[in-house]
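Written below as structure tokens is the structure these notes are about.
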Amino acid sequence: MTKQCPDVHAWKLDKKYRSGSGWQRLRLAVETLATQGISVRQEAIDWMADDLGISPGGGALKNFWRELPETGLVHVEAMPLIGPSKITLIRLTNFGRDLAWTLGINVVESEWDTLRRLHDGDAQTRHTACVLMAAYQARRSWYSVDVLPKTPIGEPDLKIYGDAAPSLFVEVELGHGKAEKWRHQYKLQGRAALIALTAARRAGLMRECQELGLAGCATDIETLCQGGLAFWAEVWG
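Our numbering applies: residue 2 is where the sequence shown begins, and numbers increase by one.
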């Protein structure tokens, strides 16, 4: 099916989205969310900025995404991350998916919807936010990411892999006392791989693994958001 502009009047879109740059950006936003499955709004902004050859920090682009929920095509929600800080998540509504299909755009399940469907994502809001932020930061470090991958042992949150790096099944862990979880990871891949909330919590989880005699690698959301040089802050064993 070819990607043609639908009857924008029938879709009852505001006139600023019916033609020109407004329609171009609207269509690109819908296509990005539909095909990439990404759920962190900043990542969607980064994608659009790259496609348009402009800065992701521009006011016009940020205003576009801030006003996009008014179209009814997307749902946004601010979820707690670290302390009082929050992350803005975004996903297509049924209306948004319908528009994508009308445009001939294939729609994949968003990472947020996957967590909502399979991992009690609406109840575990901070964990959901951390998993999605970790996936975003991994892609910024040029890794590929699968959310809730299937494995023969355990139920890891992420699979992180790249051309020059081995595949790792990763736990985004906000608690402690998870010896069984780290043993499952060791049986699965010969090492623990974890993402904690903060650097201090990362140190505690590392000690858990080391006391079990397990090799591993670790990072944390706090450090990743500060823009460190490497994705993994610690590797041992």
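We put the beta carbon where it would ideally sit given N, CA and C, even for glycine.
Since we're looking at a predicted model, the values are computed, not measured.
Counting only runs of 3 or more residues that sit fully inside the region 47-86, the beta strand (DSSP E) segments are 75-81, in chain order.
Annotation for Q211: no residue places its beta carbon closer than 6 Å to its own, counting only its chain and skipping 5 residues before and after. Going by DSSP, G23 is part of no beta strand (DSSP E) but of the alpha helix (DSSP H) stretching over G21 to Q37.
D114 is a Cβ neighbour of R92, given a cutoff of 8 Å. In this structure, the alpha-carbon of A165 lies about 42 Å from that of Y18.
The C-beta separation of L149 from I161 comes to about 13 Å, leaving the pair out of contact by the 8 Å criterion. Residue pairing for F170: DSSP places it in a beta bridge opposite K160. Counting along the chain, V148 sits inside no alpha helix (DSSP H); it lies in the beta strand (DSSP E) bounded by residues S145 to V148.
The beta carbon of S56 sits closer than 7 Å to those of A50, all from its chain and outside the five residues before and after it, given in chain order.
By the Cβ criterion, the region 58-73 is not in contact with the region 124-139, since fewer than three pairs of Cβ atoms, one from each stretch, lie closer than 8 Å.
Around the beta carbon of R118, fewer than 16 other beta carbons lie within 10 angstroms, which makes this residue exposed.
Straight-line measurement puts the Cα of A45 at about 14 Å from the Cα of G59. With contacts defined as CB atoms closer than 8 Å, L82 and S40 fail to qualify as a contacting pair.
Excluding sequence positions up to five before and after A136, its CB lies within less than 7 Å of the CB of E112, V146, V148 and L159, all in the same chain and listed in chain order. Between the alpha carbons of A200 and S142 lies a distance of about 19 Å. Here the C-alpha atom of R42 lies approximately 11 Å from the C-alpha atom of V75. Residue pairing by DSSP places L189 in no beta bridge whatsoever.
Excluding its 5 nearest sequence neighbours in each direction, T94 has C-beta neighbours in its own chain below 7 Å: G73, L74, V75 and H76, listed in chain order.
Apart from sequence neighbours up to five positions away, the residues of its chain that approach L206 with a beta-carbon distance below 7 Å are E174, H177, L195, A197 and A219, ordered along the chain.
In the structure shown, the three-state DSSP call for E110 is coil. Listed as beta-bridge partners of V41 by DSSP are L90.
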